[in-house]
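Take a look at the structure below.
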Ligand code: CUA
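Numbering (the UniProt record's numbering), first residue to last: 1 to 336.
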């Protein structure tokens, strides 16, 4: 039996090149606080530019003074004038500048921390090593559980209710607003107000173990109508298999024991340890935004998960036959 091949070393090189590209294009990327698409991020970016501007002016003044000092004749200076210069430049000027920046920064806090109006959409996000459980309220009364993917309607505030099941994580969508820690045993809250549609990326901003760097998620801000349609579609349960091979895939999923950890609503699979897979085929990515979601990567994920994501709790399934990997991944791929 030949188990699906591991990703080649070339993939690692490609990943490094992609990382380098991301760094270079960082400021305008989907994960940049300097590319704001939300009310909170706009305020934070403005504060950053004021501070960067202030720091640049101070740096230029210091460079100018250093050059001036280099060209001075080494003679004794007037004591009183020198003392005034040192006190003025070394104590009074920094105190005034830092006080202005502090007042400006603190002034932003009430708006950033304000609770949203009643009736605001509330999304619960639970942090796990190393993925995100996302629960939306649904018309049926039972929350709709998703993973590693968030969709938001543009132009409306949304409140995130944040908790953690294991260690401290930190929830951060740089393009939309500030970050908030997710602390085991406590509930923290964050209100965001997306102002532009687009595809963004969120990340865990607190070191939380071996695969902390692989704990990301995608964020799509869409118009309200599209959001309502999407949520209604995500609220539906089991997708009836449309072909014999898909039916075989569903049976294989249940026989192999995947349902002990994963839920597929409307089937016997009701596990709560791993992500809900009811609509996994509609997601952008696999493994908390590690790989594009396609059949090939689904097969690699099932066969080699522990090698792909260090420390992950899901065991690699090495005992399936090649055609079974295909059947299983084909089944998961069509769960849209
Ligand atoms: Cu979760 Cu870092």
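We put the CB at the ideal spot given by N, CA and C, even for glycine. These figures come from a predicted structure and were not determined experimentally.
Per DSSP, residue i forms a beta bridge with which residues?
{"i": "residue 222", "result": "153"}
{"i": "residue 324", "result": "In the DSSP output, where bridge partners are listed per residue, residue 324 has none listed."}
{"i": "residue 194", "result": "38"}
{"i": "residue 163", "result": "126"}
{"i": "residue 216", "result": "203"}
{"i": "residue 335", "result": "None, per the DSSP bridge assignment."}
{"i": "residue 270", "result": "263"}
{"i": "residue 132", "result": "127"}
{"i": "residue 106", "result": "For residue 106, which the question treats as bridged, DSSP gives no partner whatsoever."}
{"i": "residue 158", "result": "121, 192"}
{"i": "residue 179", "result": "172"}
Within this structure, are the beta carbons of residue i and residue j separated by less than 8 Å?
{"i": "residue 314", "j": "residue 274", "result": "yes"}
{"i": "residue 289", "j": "residue 218", "result": "yes"}
{"i": "residue 197", "j": "residue 223", "result": "yes"}
{"i": "residue 210", "j": "residue 292", "result": "no"}
{"i": "residue 147", "j": "residue 132", "result": "yes"}
{"i": "residue 149", "j": "residue 120", "result": "no"}
{"i": "residue 235", "j": "residue 303", "result": "no"}
{"i": "residue 171", "j": "residue 190", "result": "yes"}
{"i": "residue 339", "j": "residue 247", "result": "Since the first residue of the chain shown is 1 and the last is 336, residue 339 is not available in this structure."}
{"i": "residue 143", "j": "residue 116", "result": "no"}
{"i": "residue 306", "j": "residue 319", "result": "no"}
{"i": "residue 54", "j": "residue 92", "result": "no"}
{"i": "residue 29", "j": "residue 199", "result": "no"}
{"i": "residue 231", "j": "residue 280", "result": "no"}
{"i": "residue 108", "j": "residue 70", "result": "no"}
{"i": "residue 267", "j": "residue 238", "result": "yes"}
In this structure, does DSSP put residue i in helix, strand or coil?
{"i": "residue 22", "result": "A caution first: residue 22 carries a pLDDT of 49, below 50, which makes its placement in the model unreliable, though a value can still be read off. The answer is helix: DSSP assigns residue 22 an H, G or I state."}
{"i": "residue 285", "result": "strand"}
{"i": "residue 185", "result": "coil"}
{"i": "residue 262", "result": "coil"}
{"i": "residue 207", "result": "coil"}
{"i": "residue 60", "result": "helix"}
{"i": "residue 276", "result": "coil"}
{"i": "residue 305", "result": "helix"}
{"i": "residue 291", "result": "strand"}
{"i": "residue 30", "result": "coil"}
{"i": "residue 253", "result": "helix"}
{"i": "residue 351", "result": "Absent from the structure is residue 351, since the part of the chain shown begins at 1 and ends at 336."}
{"i": "residue 72", "result": "coil"}
{"i": "residue 93", "result": "helix"}
{"i": "residue 45", "result": "helix"}
{"i": "residue 246", "result": "helix"}
{"i": "residue 316", "result": "coil"}
{"i": "residue 114", "result": "coil"}
{"i": "residue 147", "result": "strand"}
{"i": "residue 239", "result": "coil"}
{"i": "residue 53", "result": "helix"}
{"i": "residue 138", "result": "coil"}
Is residue i close to chain D? Criterion is C-beta to C-beta, closer than 8 Å.
{"i": "residue 106", "result": "This model lacks chain D altogether, as it is built from one protein chain only."}
Which word fits residue i, buried or exposed, when buried means at least 16 other C-beta atoms lie within 10 angstroms of its C-beta?
{"i": "residue 331", "result": "buried"}
{"i": "residue 173", "result": "buried"}
{"i": "residue 49", "result": "exposed"}
{"i": "residue 61", "result": "exposed"}
{"i": "residue 127", "result": "buried"}
{"i": "residue 44", "result": "buried"}
{"i": "residue 221", "result": "buried"}
{"i": "residue 270", "result": "exposed"}
{"i": "residue 308", "result": "buried"}
{"i": "residue 228", "result": "exposed"}
{"i": "residue 36", "result": "buried"}
{"i": "residue 32", "result": "buried"}
{"i": "residue 299", "result": "buried"}
{"i": "residue 301", "result": "buried"}
{"i": "residue 21", "result": "At residue 21, the pLDDT of 49 sits below 50, so the modelled position is not reliable; the number obtained from the coordinates is stated separately. It is exposed - the Cβ of residue 21 has fewer than 16 other Cβ atoms within 10 Å."}
{"i": "residue 203", "result": "buried"}
{"i": "residue 99", "result": "exposed"}
{"i": "residue 153", "result": "buried"}
Practice item. Decide yes or no for the touch test of the segment 112-131 against the segment 175-182: beta carbon pairs closer than 8 Å, at least 3 of them. Key: yes
Any chance the segment 260-269 sits against the segment 156-168, with 3 or more Cβ pairs inside 8 Å? no
- For the 8 Å Cβ check, are there 3 or more pairs between the segment 323-336 and the segment 249-259? yes
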